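Chains as they are written, first to last, in this note's numbering: chain H, 85 to 226; chain F, 85 to 226; chain P, 85 to 226. The beta-carbon is built from N, C-alpha and C at its ideal position, and this holds for glycine as well. Remember, predicted model here, so these are calculated numbers, not experimental data. Below you'll find the structure, written out as structure tokens, and then a few comments.
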Amino acid sequence: MIMGILMKVEFDDITISTRSRTEVVDITSRVEGTVTRSAIKNGLCLVHTVHTTAAIAVNENEPNLKADIVRKIREDFPAGAGWAHDRIDDNTDAHIASTYIGPTRIFPIRGGRIVKGTWQSIFLLELDGPRNRQVVVEIMGE
Amino acid sequence: MIMGILMKVEFDDITISTRSRTEVVDITSRVEGTVTRSAIKNGLCLVHTVHTTAAIAVNENEPNLKADIVRKIREDFPAGAGWAHDRIDDNTDAHIASTYIGPTRIFPIRGGRIVKGTWQSIFLLELDGPRNRQVVVEIMGE
Amino acid sequence: MIMGILMKVEFDDITISTRSRTEVVDITSRVEGTVTRSAIKNGLCLVHTVHTTAAIAVNENEPNLKADIVRKIREDFPAGAGWAHDRIDDNTDAHIASTYIGPTRIFPIRGGRIVKGTWQSIFLLELDGPRNRQVVVEIMGE
Numbered sequence: 085m086i087m088g089i090l091m092k093v094e095f096d097d098i099t100i101s102t103r104s105r106t107e108v109v110d111i112t113s114r115v116e117g118t119v120t121r122s123a124i125k126n127g128l129c130l131v132h133t134v135h136t137t138a139a140i141a142v143n144e145n146e147p148n149l150k151a152d153i154v155r156k157i158r159e160d161f162p163a164g165a166g167w168a169h170d171r172i173d174d175n176t177d178a179h180i181a182s183t184y185i186g187p188t189r190i191f192p193i194r195g196g197r198i199v200k201g202t203w204q205s206i207f208l209l210e211l212d213g214p215r216n217r218q219v220v221v222e223i224m225g226e
Numbered sequence: 085m086i087m088g089i090l091m092k093v094e095f096d097d098i099t100i101s102t103r104s105r106t107e108v109v110d111i112t113s114r115v116e117g118t119v120t121r122s123a124i125k126n127g128l129c130l131v132h133t134v135h136t137t138a139a140i141a142v143n144e145n146e147p148n149l150k151a152d153i154v155r156k157i158r159e160d161f162p163a164g165a166g167w168a169h170d171r172i173d174d175n176t177d178a179h180i181a182s183t184y185i186g187p188t189r190i191f192p193i194r195g196g197r198i199v200k201g202t203w204q205s206i207f208l209l210e211l212d213g214p215r216n217r218q219v220v221v222e223i224m225g226e
Numbered sequence: 085m086i087m088g089i090l091m092k093v094e095f096d097d098i099t100i101s102t103r104s105r106t107e108v109v110d111i112t113s114r115v116e117g118t119v120t121r122s123a124i125k126n127g128l129c130l131v132h133t134v135h136t137t138a139a140i141a142v143n144e145n146e147p148n149l150k151a152d153i154v155r156k157i158r159e160d161f162p163a164g165a166g167w168a169h170d171r172i173d174d175n176t177d178a179h180i181a182s183t184y185i186g187p188t189r190i191f192p193i194r195g196g197r198i199v200k201g202t203w204q205s206i207f208l209l210e211l212d213g214p215r216n217r218q219v220v221v222e223i224m225g226e
């Protein structure tokens with residue numbers, strides 16, 4: 085007799101073309117599309133960017149708030165503040181913001197849907213754009 | 085012959101009533117109760133809040149330290165600092181702190197217990213309270 | 085008929101001896117060794133430290149950048165800034181940095197390898213060294 089439920093793992097690759105140096109890009113609908121197509125009912129959804137000058141974050145998609153997030157990142161991680169790495173590549177501020185915030189967010193999947201609140205959107209944070217960015221979405225569950 | 089082990093996924097919903105605008109609430113025992121009841125031996129435990137003005141964090145439950153964390157969050161994410169989103173809702177500071185720290189923490193489960201150090205407690209960080217807050221605990225494993 | 089794939093969970097314990105109060109230690113090759121030995125093809129890799137004055141982060145292993153990360157952490161989380169917890173233990177700055185950045189990072193495993201970009205290395209961030217630190221690596225998948 086088999087107790088428990090068998091697992092499935094699915095991947096999706098998303099490419100995003102950003103337009104500014106610092107930008108908040110909503111990728112919620114693309115992640116949700118991957119979850120729906122996977123037909124996985126209960127499990128996890130990993131949203132992971134493979135870059136060291138970008139990050140993944142979760143918050144409300146309200147235009148003023150997105151502008152405030154950009155302002156705050158620029159204030160907290162100032163460009164050209166005498167960074168040693170700037171002698172190699174002029175983007176140390178972006179590396180440090182990515183180190184703090186992180187390249188990954190993870191969500192439960194329950195009843196075939198991502199568990200998130202009404203106001204939770206999934207963002208790619210561009211910290212050294214404009215660039216083409218890769219995000220890997222992994223769905224794992226039953 | 086079946087190689088490997090079958091998976092189980094369990095959910096628990098926790099409601100927390102916070103009492104201050106900025107507050108550190110220890111939810112460790114409630115998360116550990118969910119892990120024990122799940123009877124899952126090896127796997128993962130996801131602790132996820134569905135709000136954009138709260139966060140989940142991990143640190144030591146020492147009263148002075150909790151006061152220091154509250155002080156530092158208020159200093160780092162000042163309320164009313166000319167935020168554009170404040171014209172809509174007076175809590176931009178809370179949204180930005182949640183964006184940085186994140187709504188989720190994840191732990192290994194090994195031998196039926198959460199893998200965490202002696203001093204690691206699991207906190208709901210209230211950033212715009214007092215409010216009722218929802219936390220979803222997901223246990224996935226064998 | 086069995087639909088789907090059976091799961092395996094593997095653990096590895098890594099000990100790191102740090103040498104400075106604030107230090108960026110690259111643990112990528114040790115984590116990758118665990119993934120290779122697990123023979124898990126598709127799944128997740130959790131990298132989790134069990135301490136409240138250390139963190140796990142992901143960024144580029146470039147010596148100047150690592151020095152910049154140390155400088156920024158010291159600037160953002162200043163030691164001895166009148167913290168209440170310092171009366172008990174002189175490391176409140178380290179606790180708060182760990183609270184913000186977090187003790188865990190998680191990666192997809194795809195085709196037997198960690199999904200990460202060319203420049204993404206996995207760091208233990210020592211925030212109150214020198215000390216011996218424990219990192220638990222968990223691999224879960226098919």
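Nearest candidate by alpha-carbon position, reference residue i, set the options
| i | options | result |
| --- | --- | --- |
| THR133 (chain F) | H:THR202, H:GLN218 and H:PRO214 | H:THR202 |
| PRO192 (chain H) | H:ILE223, H:HIS135 and H:ARG121 | H:ILE223 |
| ILE185 (chain H) | H:VAL199, H:THR99, H:LEU209 and H:ILE124 | H:LEU209 |
| THR120 (chain H) | H:SER182, H:ARG189, H:ARG217 and H:PHE95 | H:PHE95 |
| PHE207 (chain P) | P:ASP177, P:GLY195, P:ARG194 and P:THR102 | P:THR102 |
| THR99 (chain F) | F:ARG189, F:THR176 and F:VAL109 | F:VAL109 |
| ALA165 (chain F) | H:MET91, H:GLY164, H:ARG155 and H:PRO162 | H:ARG155 |
| THR176 (chain F) | H:THR112, H:PRO162 and H:ASN145 | H:ASN145 |
| ILE153 (chain P) | P:TRP167, P:ILE111 and P:LEU211 | P:LEU211 |
| ARG215 (chain P) | P:HIS135, P:ILE111, P:VAL93 and P:LEU90 | P:HIS135 |
| VAL93 (chain F) | F:LEU128, F:ILE111 and F:THR112 | F:LEU128 |
Beta-carbon gap between residue i and residue j smaller than 7 Å
| i | j | result |
| --- | --- | --- |
| THR137 (chain H) | HIS179 (chain H) | yes |
| PHE213 (chain P) | ARG114 (chain P) | For the record, residue 213 (chain P) in the displayed sequence is Gly; it is not Phe. Result no, Cβ atoms of GLY213 (chain P) and ARG114 (chain P) do not sit closer than 7 Å. |
| LEU149 (chain H) | HIS169 (chain F) | yes |
| GLN218 (chain H) | VAL142 (chain H) | no |
| ILE172 (chain F) | THR188 (chain P) | no |
| ASP97 (chain H) | VAL220 (chain H) | yes |
| ARG197 (chain F) | ASN126 (chain F) | no |
| SER182 (chain F) | ALA151 (chain F) | no |
| ILE124 (chain H) | GLY225 (chain H) | yes |
One or two residues paired with residue i in a DSSP bridge
| i | result |
| --- | --- |
| SER101 (chain P) | P:ASN216 |
| ALA141 (chain P) | P:PHE207 |
| LYS92 (chain H) | H:GLY225 |
| PHE191 (chain P) | P:CYS129 |
| GLU146 (chain F) | In DSSP, GLU146 (chain F) forms no bridge with anything. |
| ASP110 (chain P) | P:PHE207 |
| ILE198 (chain F) | F:ILE193 |
C-beta neighbour in chain H for residue i, strict 7 Å
| i | result |
| --- | --- |
| MET85 (chain P) | Confidence at MET85 (chain P) is low in this model, with a pLDDT of 42, below 50, so the placement of that residue should be treated as unreliable; the coordinate-derived value is given next. It does not: the Cβ of MET85 (chain P) has no partner Cβ on chain H nearer than 7 Å. |
| ASN145 (chain P) | no |
| PHE191 (chain F) | no |
| ILE153 (chain P) | yes |
| LYS156 (chain P) | yes |
| PHE95 (chain P) | no |
| THR118 (chain F) | no |
| THR188 (chain F) | yes |
CB contact below 7 Å: residue i versus chain P
| i | result |
| --- | --- |
| ALA168 (chain H) | yes |
| ILE180 (chain H) | yes |
| ARG194 (chain F) | yes |
| ILE98 (chain H) | no |
Chain C contact for residue i (CB, 7 Å cutoff)
| i | result |
| --- | --- |
| ASN148 (chain H) | Protein chains in the displayed structure are H, F and P, and chain C is not among them. |
Cβ of residue i within 7 Å of any chain F Cβ
| i | result |
| --- | --- |
| ASN175 (chain H) | no |
| THR112 (chain P) | no |
| ILE185 (chain H) | yes |
| THR106 (chain P) | no |
Residue i CB to nearest heavy atom of the ligand FAD below 6 Å
| i | result |
| --- | --- |
| GLY186 (chain P) | You won't find the ligand FAD in this model; it holds no ligand whatsoever. |
### chain F contacts from the stretch 196-225 of chain H (Cβ-Cβ distance under 7 Å)
Against chain F - using a Cβ distance shorter than 7 Å - the residues of the stretch 196-225 of chain H are VAL199, LYS200, GLY201, TRP203, GLN204 and GLY225.
### Query
Listed from N- to C-terminal order along the chain, which residues in the stretch 124-144 of chain H have their beta-carbon within a distance smaller than 8 Å of any beta-carbon of chain F?
ASN126, GLY127, LEU128, ALA141, VAL142, ASN143 and GLU144
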